[in-house]
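Participant: Okay, here's the structure, questions in a sec.
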Amino acid sequence: MRIAALTAAALAPVVGLTVAPAQAAVRGSSDPWATWNNGGYSLYNNIWGGAGPQSIWANSYGSVRSSFNVTVPNAGAYTSAYDIWADGHTYEIMLWMNKVGPIGSFQTNS
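Numbering-wise, the sequence shown is residues -24 to -1, 1 to 86 according to mature numbering (1 follows the signal peptide of the UniProt record, and there is no 0).
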């Protein structure tokens, strides 16, 4: 009985380690120009509102599916972008898909 108790006590930490959930890499920043890139995706901190701190945080993402349909004008400057809102309207994810002329996200060099 004592050997069984000692064996169980010795294995408890090992069992605890093997059943712990895996954690994905975490990236966070409150820098006004913070950027996070992963697998073809870029996440930029939103400084458009001006006052007050804002932060980006990325942990992991599973399968995400979204679609859109755009009709573009024949002339002029325009951008094709749309928003995804997470956690109600707490987080805004703006996807910039296309641009014509001097318009675009703050990361665009034109």
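Ideal placement from N, C-alpha and C gives every residue a C-beta, glycine not left out. Quick caveat, the model's predicted, so the values are computed rather than measured.
Quick check: the Cα distance between S42 and W61, rounded to an integer number of angstroms?
Facilitator: Locating residue 42 in the sequence shown gives position 66, where the first residue counts as 1. Locating residue 61 in the sequence shown gives position 85, where the first residue counts as 1. When rounded, the distance between both Cα atoms is 12 Å.
Participant: Taking just the CA atoms, how far does D63 sit from Y17?
Facilitator: To locate residue 17, count along the sequence shown from 1; it is residue 41. To locate residue 63, count along the sequence shown from 1; it is residue 87. Each residue's Cα considered, the two are about 20 Å apart.
Participant: Three-state secondary structure (DSSP) at T47?
Facilitator: Translated into the one-based positions of the sequence shown, residue 47 becomes position 71. Coil.
Participant: Between N13, W72, M73 and G77, which has its C-alpha nearest N50's C-alpha?
Facilitator: Here residue 50 refers to the residue found at position 74 of the sequence shown. For N50, the nearest C-alpha among the options comes from G77.
Participant: Looking only at its chain, what residues have a beta carbon closer than 7 Å to the beta carbon of G15, apart from the 5 residues adjacent to it on each side?
Facilitator: On the sequence shown, position 39 is the one that residue 15 refers to. Closer than 7 Å at the Cβ level, and outside the excluded window around G15, lies no residue.
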